[in-house]
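K.L.:
Take this structure first; my questions come after.
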Amino acid sequence: MSTNTNQSPSRSPLPGGITVGFGVAVAMWVCWFLLHMPVVVHHFPPSVAGPMLLGVLVVGVVIGLRWVPRGGRVVSGGVAGVVAGVVNLMVMGSKLSVAGAGGEASLVPSAGLMVAGWIALCVVLGLASGWVGCLMWKGEVEAKPGVWWLGRFAWVNALAILPLLALGGLVTTAKAGFAVPDWPGTYGSNIFLYPIAMMGEPRIFLEHTHRLFGTLVGLTTVVLVAFALLYSQRGWMKAFACVLLGAVVVQGVIGGVWVEEKHLWLVLLHGVLGQLIFGSAALLATVLSAGWQRWAGDSAAGARLRVPRVLCLALLGTLLMQLIFGTLIRHAGSSHALWSHVGFSVVPVVLAVIAGSMMMRNKHDAAHGRSLWLVGHVPMIVVGLQFVLGFVALFAYLNDETRKIAAPVAETLAAAPAIDPLKLLARTVHQANGAVLLATAFVLAGWGLAHGVRKPAMSDE
Numbered sequence: 000m001s002t003n004t005n006q007s008p009s010r011s012p013l014p015g016g017i018t019v020g021f022g023v024a025v026a027m028w029v030c031w032f033l034l035h036m037p038v039v040v041h042h043f044p045p046s047v048a049g050p051m052l053l054g055v056l057v058v059g060v061v062i063g064l065r066w067v068p069r070g071g072r073v074v075s076g077g078v079a080g081v082v083a084g085v086v087n088l089m090v091m092g093s094k095l096s097v098a099g100a101g102g103e104a105s106l107v108p109s110a111g112l113m114v115a116g117w118i119a120l121c122v123v124l125g126l127a128s129g130w131v132g133c134l135m136w137k138g139e140v141e142a143k144p145g146v147w148w149l150g151r152f153a154w155v156n157a158l159a160i161l162p163l164l165a166l167g168g169l170v171t172t173a174k175a176g177f178a179v180p181d182w183p184g185t186y187g188s189n190i191f192l193y194p195i196a197m198m199g200e201p202r203i204f205l206e207h208t209h210r211l212f213g214t215l216v217g218l219t220t221v222v223l224v225a226f227a228l229l230y231s232q233r234g235w236m237k238a239f240a241c242v243l244l245g246a247v248v249v250q251g252v253i254g255g256v257w258v259e260e261k262h263l264w265l266v267l268l269h270g271v272l273g274q275l276i277f278g279s280a281a282l283l284a285t286v287l288s289a290g291w292q293r294w295a296g297d298s299a300a301g302a303r304l305r306v307p308r309v310l311c312l313a314l315l316g317t318l319l320m321q322l323i324f325g326t327l328i329r330h331a332g333s334s335h336a337l338w339s340h341v342g343f344s345v346v347p348v349v350l351a352v353i354a355g356s357m358m359m360r361n362k363h364d365a366a367h368g369r370s371l372w373l374v375g376h377v378p379m380i381v382v383g384l385q386f387v388l389g390f391v392a393l394f395a396y397l398n399d400e401t402r403k404i405a406a407p408v409a410e411t412l413a414a415a416p417a418i419d420p421l422k423l424l425a426r427t428v429h430q431a432n433g434a435v436l437l438a439t440a441f442v443l444a445g446w447g448l449a450h451g452v453r454k455p456a457m458s459d460e
């Protein structure tokens, strides 16, 4: 048996604290976005945002520390507080600056004090949350090895990508892609210091926050690579994480070049690659999970259990075709792609239902029945929801009088038509759920092809 220290329980507060901190930071970013949307600001005063964000921090840290040994919860909570506080500075910098006379942003005189106070507050709340976690979670838990936290952080990374994709859908549907004319800054300002007071125009807010969430995904993927290099024993998993980081960097560059060059093929590539990255991130998180490790390590299970490998790959292929059709609809307005997308939609529905049902039939297996039963449920639920959302989105699309109007640029934003929130939401929810469905197909294919992977004696659990 391997004695690699990466597989040995670790008492260090860093892996757990960093993972919980980033997970909490992602939740806080989503909360910040929802509370600062121009349509929401009119109903909720800015003073509400701060307490709610801190509430998310406390609740998230307490829940996340459930898997940390009691003796290390307070310190890990402090680490999580530091991480969440620092990561949130990337989005909260908008409140550290004001617009100057020439429109450029400048820091407020008390910016340094505000940053120090924010970090200190997050640390104190993190430590207090660790203490609360000790009181709430009475039972002791074993210290987890680094690779266990690697698997959890991989899911944090994948979940950080989903709001970025949803924001991309909002930007496309609202025709906000040209609302900010420069890149990587925003109207000449540092992207992290663009004043919140200058985001009152909805399209500017959407495009700017889309870029901010892109930096969050970039940061989480960098940390994921560091975790993989430190804790994974498998070379192909380390390579997978590095390739994923490369794809994220390329995706960001494509988005920036598109703003400058405005070539259609760039935005088409940007739309497809973003969802492929999300699917790949979900697949990496899956193969790092203990359930998948046990399944992949049981060579006899592949012979005794029915796993529809061909159907899983066929589902993935058909959804990739649907992704291309959908991208052509959203970015090129192709009517041919629209009706191809609608007509072909029944194929992935049938494949998902059959493949999911076959996976669920293995539920009585003592070793893997529960895992396969759960994995089989997901595509059936998500594809059913997607089919319904598709007709809602189709109705919204066909009744959108602004869909044939060119996207406004910075100089024409004032004359741009108003955004219909319901139509915007209907089409974006369909696009975001489509990303979840594609990621589900990646995961399903990973389970189907698991026994083609060669394993070392000690697996990454």
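Just so we're aligned: 217 in numbering that gives the first Met the number 0 is position 218 of the sequence shown, and the numbers increase by one with no gaps anywhere. Backbone N, C-alpha and C fix where the C-beta goes; we use that ideal spot for every residue, glycine too.
Three-state secondary structure (DSSP) at alanine 104?
P.N.:
DSSP places alanine 104 in strand when its eight states are reduced to three.
K.L.:
In whole angstroms, what separates the C-alpha of threonine 171 from that of arginine 303?
P.N.:
The straight-line gap from Cα to Cα measures roughly 47 Å.
K.L.:
Closer than 8 Å is the cut-off here; do at least three beta carbon pairs connect the stretch 89-97 with the stretch 110-117?
P.N.:
At 8 Å Cβ cutoff, the stretches touch.
K.L.:
Does DSSP put serine 188 in a helix, in a strand, or in coil?
P.N.:
Strand at serine 188.
K.L.:
Looking at aspartate 181 and valine 131, is the spacing between their C-beta atoms short of 9 Å?
P.N.:
Contact: no.
K.L.:
Look at the Cβ atom of glutamine 430, then the Cβ atom of glycine 251, and state whether they are nearer than 9 Å.
P.N.:
No, the Cβ-Cβ distance between glutamine 430 and glycine 251 is not below 9 Å.
K.L.:
Would you mind sorting lysine 137 into buried or exposed? The rule is 16 or more other CB atoms within 10 Å of its CB.
P.N.:
The residue is exposed, with fewer than 16 neighbouring Cβ atoms inside 10 Å.
K.L.:
How would you call lysine 261, buried or exposed, if buried means at least 16 neighbouring beta carbons within 10 angstroms?
P.N.:
That one is exposed.
K.L.:
With distances taken Cα to Cα, identify the nearest neighbour of threonine 411 among Ala178, Ile328, Phe226.
P.N.:
Nearest option by C-alpha distance: Ala178.
K.L.:
Taking only three categories from DSSP, how would you classify serine 96?
P.N.:
Serine 96: strand per DSSP, three-state reduction.
K.L.:
Comparing alpha-carbon positions, which option in Leu64, Val408, Cys121 lies nearest valine 140?
P.N.:
When only C-alpha atoms are compared, the closest one is Leu64.
K.L.:
How long is the line joining the alpha carbons of leucine 448 and leucine 268, rounded to whole angstroms?
P.N.:
Distance between the alpha carbons of leucine 448 and leucine 268: 27 Å.
K.L.:
Are the beta-carbon atoms of isoleucine 17 and alanine 79 separated by less than 9 Å?
P.N.:
Closer than 9 Å, so yes.
K.L.:
Using DSSP with H/G/I as helix, E/B as strand and the rest coil, what is proline 45?
P.N.:
Helix at proline 45.
K.L.:
Short check: CB of glycine 278 to CB of alanine 165, under 9 Å?
P.N.:
In this structure, alanine 165 does not lie closer than 9 Å to glycine 278 by Cβ.
K.L.:
Output the residue ranges of the alpha helix (DSSP H) runs that lie fully inside the stretch 319-382 and measure 4 residues or longer, sorted by chain position.
P.N.:
Runs found: 334-343, 345-359.
K.L.:
Could you spell out where the alpha helix (DSSP H) holding glycine 278 opens and where it closes?
P.N.:
Where glycine 278 is concerned, the enclosing alpha helix (DSSP H) stretches over 263-286.
K.L.:
Return the CA-CA distance between proline 68 and glycine 187, expressed in angstroms with no decimal places.
P.N.:
Each residue's alpha carbon lies about 48 Å from the other.
K.L.:
Using the C-alpha atoms, what's the distance from methionine 379 back to tryptophan 235?
P.N.:
Computed Cα separation, rounded: 30 Å.
K.L.:
DSSP three-state call for glycine 251: helix, strand or coil?
P.N.:
Three-state DSSP puts glycine 251 in a helix.
K.L.:
Suppose the cutoff is 7 Å on Cβ atoms and the five residues either side in sequence are ignored; what does the same chain contact list for leucine 337 look like?
P.N.:
Result list for leucine 337: Ile328, in chain order.
K.L.:
Since I believe leucine 205 is in contact with alanine 175 (beta carbons under 8 Å), could you give me their beta-carbon distance rounded to a whole number of angstroms?
P.N.:
Confirmed, Cβ separation roughly 5 Å.
K.L.:
So, is aspartate 334 buried or exposed, given that buried needs 16 or more other C-beta atoms within 10 angstroms?
P.N.:
Residue identity differs from the one stated: residue 334 is serine in this sequence, not aspartate. Serine 334 is exposed by the Cβ-count criterion.
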